[in-house]
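S.K.: Residue numbering for the sequence shown follows our numbering, starting at -12 and increasing by one per position.
Backbone N, C-alpha and C define an ideal beta-carbon position, used for all residues, glycine too.
Below you'll find the structure I mean.
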Amino acid sequence: MERPLPRFVEVRRLARGSVAFYFRIPTYYRKLAARWRMSHLGREAACGDDGKDGRAATLNALFDEWNDQRRGEPGEQGKIARYGTID
């Protein structure tokens, strides 16, 4: 039974025959922001049991936040109380 993979996750077979997961965004976005590189996620539990958890989900959320800011869309900042307030 294969697990579903999150967005931007690649599976690669290593030289020893084991499998590793990598987070890699498309070249178009990498050219827009040099800070996004391919990231090694590990061999197990990098994507969670259902493909919606783990380190890949965190990186996808960070990418979505960056992409929203790049397009000028309002972020989550409006939902967070300012420092020093009692809200």
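Assuming the contact rule is C-beta atoms closer than 8 Å, residue 76 and residue 10 should be a hit. Round their C-beta distance to whole Å, please.
M.R.: In this structure the chain extends from -12 to 74, so residue 76 is not present and cannot be described.
S.K.: Would you report the Cα separation of residue -3 and residue 56, rounded to the nearest angstrom?
M.R.: Within the sequence shown, the letter at position 10 stands for residue -3. Within the sequence shown, the letter at position 69 stands for residue 56. Their backbone Cα atoms lie some 25 Å apart in a straight line.
S.K.: So, for residue 27: in the same chain, excluding its five sequence neighbours on each side, which residues have a beta-carbon less than 7 Å away from its beta-carbon?
M.R.: Start at 1 with the first residue of the sequence shown, and residue 27 comes out as number 40. So the list reads 7 and 9, once near-sequence residues are dropped.
S.K.: Pull up the CB-CB distance for residue -5 and residue 47, whole angstroms please, since I reckon it's below 8 Å.
M.R.: Position 8 of the sequence shown, counted from the first residue, corresponds to residue -5. Position 60 of the sequence shown, counted from the first residue, corresponds to residue 47. Yes, residue -5 and residue 47 are in contact; Cβ-Cβ is about 7 Å, under 8 Å.
S.K.: So, for residue 22: in the same chain, excluding its five sequence neighbours on each side, which residues have a beta-carbon less than 6 Å away from its beta-carbon?
M.R.: Sequence index remark: in the sequence shown, residue 22 carries index 35 (1-based). Here the set comprises nothing.
S.K.: From the DSSP output, read off the bridge partner residues of residue 9.
M.R.: Counting from 1 along the sequence shown, the entry for residue 9 is found at position 22. According to DSSP, which records beta bridges pairwise, residue 9 is partnered with -3 and 27.
S.K.: For residue 30 and residue 40, what's the separation of their Cα atoms in angstroms?
M.R.: Against the sequence shown, residue 30 aligns to sequence position 43. Against the sequence shown, residue 40 aligns to sequence position 53. Cα-Cα distance, rounded: 14 Å.
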